[in-house]
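Residue numbers (my numbering): 480 to 708.
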């Protein structure tokens, strides 16, 4: 079987039927020419002298924080810490702080003086007063007397106390009135009333003492000192 060969298209016919090919080729040529022209112009352009530089604004210092990485990644690079004046840049050990001196303990061995207690307040004056006198004196002893007087407006009880060191009591009594209770211990004579003295009333308390002087060491009635005749 014979094949019939078709005639190929003519060049003029292809260009006429495809006008876009020419347009695209022209655009490419224009772009290339434009790029070349811009390059030559930039190469010959002169720049004016640079003016004063703008002031540099200092930024706050931000400490670098090392970023954690995964176990399979590269080993992290330690951030360089800022150098602090007074410290070695190769050492991270801070200087030891000075230890404050311990306070000196106060001495405890010094004993404070102990002040004596204040004396008890003096008792109020007794309403019954006493006056001491010697009725008679003889070899080895004497008869003494304490005359009692009630100066109050109400009846009052009473207690006579006289001290005769080294003496011995023979007897004691109240003259012309009801008797009371008496005792003698270690040279101290005590007589307690058996009745109350009426207002303004007076009675004598008498006693026989041996082996002692006629002057008592002390004499009181209800704590108030006796007077002497």
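Glycine included, each C-beta is placed from N, C-alpha and C at the ideal position.
**OP:** Using the DSSP secondary-structure output, state which residues sit across from residue 626 in a beta bridge.
**Re:** Along the chain shown, one-based indexing puts residue 626 at 147. For residue 626, which the question treats as bridged, DSSP gives the partners 610 and 683.
Original post:
Secondary structure at residue 519, three-state DSSP: helix, strand or coil?
Top reply: Start at 1 with the first residue of the chain shown, and residue 519 comes out as number 40. When secondary structure is reduced to three states using DSSP, residue 519 falls in the helix class.
Subject >> Collapsed DSSP secondary structure at residue 505 in the structure displayed >> reply: Start at 1 with the first residue of the chain shown, and residue 505 comes out as number 26. Reduced to three states, the DSSP call for residue 505 is helix.
Original post:
Just checking, does the segment 665-680 make contact with the segment 614-622 on the three C-beta pairs under 8 Å criterion?
Top reply: Fewer than three Cβ pairs drawn from the segment 665-680 and the segment 614-622 lie within less than 8 Å of each other, which leaves the two stretches out of contact.
Original post:
Could you check where the beta strand (DSSP E) with residue 675 kicks off and where it finishes?
Top reply: Working through the chain shown from its first residue, we reach residue 675 at position 196. Careful: residue 675 lies outside any beta strand (DSSP E) and carries neither H nor E.
**OP:** Throw me the rounded Cβ distance for the residue 593 and residue 639 pair, which I believe falls under 8 Å.
**Re:** Counting from one through the chain shown, the residue named residue 593 turns up at place 114. Counting from one through the chain shown, the residue named residue 639 turns up at place 160. About 37 Å; that fails the 8 Å criterion.
Original post:
Do the CB positions of residue 700 and residue 627 come within less than 8 Å of each other?
Top reply: Locating residue 700 in the chain shown gives position 221, counting from the first residue. Locating residue 627 in the chain shown gives position 148, counting from the first residue. Between residue 700 and residue 627, the C-beta spacing is below 8 Å.
Original post:
Does the distance from the C-beta atom of residue 646 to that of residue 690 stay below 8 Å?
Top reply: As a first step, residue 646 is located in the chain shown; it is residue number 167 there, counting from the start. As a first step, residue 690 is located in the chain shown; it is residue number 211 there, counting from the start. Yes. Within cutoff.
Subject >> 7 Å CB neighbourhood of residue 621 in its chain, flanking five on each side removed >> reply: The count along the chain shown starts at 1 and reaches residue 621 at position 142. The residues are 613, 615, 688 and 693.
Original post:
Do residue 669 and residue 604 come within 8 Å of each other at the CB atom, strictly closer than that value?
Top reply: Locating residue 604 in the chain shown gives position 125, where the first residue counts as 1. Locating residue 669 in the chain shown gives position 190, where the first residue counts as 1. Cβ atoms of residue 604 and residue 669: not closer than 8 Å.
Original post:
residue 518 to residue 498, Cα distance in whole Å?
Top reply: Numbered from 1 along the chain shown, position 39 holds the residue referred to as residue 518. Numbered from 1 along the chain shown, position 19 holds the residue referred to as residue 498. Across the structure, residue 518 and residue 498 are spaced so that their CA atoms are roughly 32 Å apart.
Original post:
Taking the alpha-carbon positions, what's the residue 698 to residue 608 distance?
Top reply: Here the question's residue 698 lines up with position 219 in the chain shown. Here the question's residue 608 lines up with position 129 in the chain shown. Straight-line spacing of the CA atoms in residue 698 and residue 608 works out to 11 Å.
Original post:
Between 597, 578, 513 and 625, which lies nearest to residue 681 when the distance is taken from Cα to Cα?
Top reply: The sequence position of residue 681 within the chain shown is 202, counting from 1. Answer by Cα proximity: 625.
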